[in-house]
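Report on one structure; see the data block that follows.
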Amino acid sequence: MSSFCAACKCILHENVSASCQCSGECGEGRMVRSVTCRSSGGLVMSDGQCDQPLRPHHILTLYKDRALFSFASVFQCNATCGRGVRQRQVVCAGLEGGVFKEFPDSSCNQTNKPQMSSSCFQRPCSKWFTTSWSQVATPVIRAGNEGSTRYKNSKRADFCQDKATANCALVLKVKLCSHWYYRKACCQSCKAPRP
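Encoded structure:
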């Protein structure tokens, strides 16, 4: 007794190769094929490089002379972060005369129709965060020295402490003290005299 493997027809799609295998006894079982995304030159690419809504089905459960709902792979979440929707293609299909055929949805039992979409959650979305504003610098003019103006902060200018989260040794090594962020995060290290 042969399985319906002989009647298995794999649909080739642009940039997609497919090979067929069938399981189960003749008349019922699962039709399985490998679906890979390929470049026009035949190189295997990541699935994201091919148009997901056009991805062919790769597993179908079929019964002789009976149509059932089957679905393709679940598509990726449509959100890059936060909540989104994951969808899949659902098709009414079966064997007719030993040959795979898609039928109108009305040919399948609607109560058995798998859900076409589900909610999904990707990593939390990034947000901008700010530090508090720095102190206002006020000009200091010394008597007899009108040509030279220096600035002082309204808080003690000589007090600062390196942030524990900053890698100040690396900041010094790659000479980033001239950048305002690192000068502030590594204020103690950046103001120390260098050998």
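Residue numbers for the sequence shown, in UniProt numbering: 1 to 195.
For each residue, glycine too, the CB sits at the ideal point set by N, CA and C.
Output the distance between the C-alpha atoms of K127 and A93, rounded to the nearest integer angstrom.
In a straight line, the C-alpha of K127 is about 46 angstroms away from that of A93.
On the DSSP bridge assignment, give the partners of F159 in chain order.
By DSSP's assignment, F159 forms no beta bridge with any residue.
Alpha helix (DSSP H) segment containing S189, residue limits:
Here the alpha helix (DSSP H) through S189 covers 187-191.
Could you work out which residue in H179, Q122, V136, M116 is closest to G82 when comparing CA atoms only?
Considering only alpha carbons, the answer is Q122.
For G48 and Y181, the rounded distance between their alpha carbons:
Y181 and G48 have their alpha carbons spaced roughly 37 angstroms apart.
If you check the beta carbons only, do C120 and C50 fall under 9 angstroms apart?
Judged by beta-carbon spacing, C50 lies beyond the 9 angstroms limit of C120, meaning their Cβ atoms are not closer than that value.
Residues bridged to residue 197 [DSSP beta-bridge criterion]:
Because the chain here runs from 1 to 195, residue 197 falls outside it and cannot be looked at.
CB contact flag (S134, D162, <9 angstroms)
No. Outside cutoff.
Simplified DSSP assignment, three categories, for A79:
The three-state secondary structure of A79, taken from DSSP, is coil.
Opening and closing residue of the alpha helix (DSSP H) in which C125 lies
No alpha helix (DSSP H) holds C125; DSSP gives it neither H nor E.
Under 9 angstroms between the Cβ atoms of M116 and R88?
Inclusion of M116 and R88 in the CB contact set at 9 angstroms is warranted, their separation being smaller than that value.
Just the Cα atoms here: how many angstroms apart are V35 and S118?
S118 has its alpha-carbon roughly 23 angstroms from the corresponding atom of V35.
Cβ shell of V85 (< 7 angstroms), same chain only, five flanking positions each side left out:
Correct list, in chain order: N78, S117, S119, C120.
What residue does the alpha helix (DSSP H) around C168 start on, and which one ends it?
Note, C168: alpha helix (DSSP H), 168-173.
Ignore the nearest five residues each way along the sequence and tell me which others in T80's own chain have a CB closer than 7 angstroms to its CB.
The beta carbon of T80 sits closer than 7 angstroms to those of Q122, all from its chain and outside the five residues before and after it, given in chain order.
Short Cβ contact (9 angstroms threshold) for A185 with V174:
It is not a contact, given that the beta carbons lie outside the stated cut-off.
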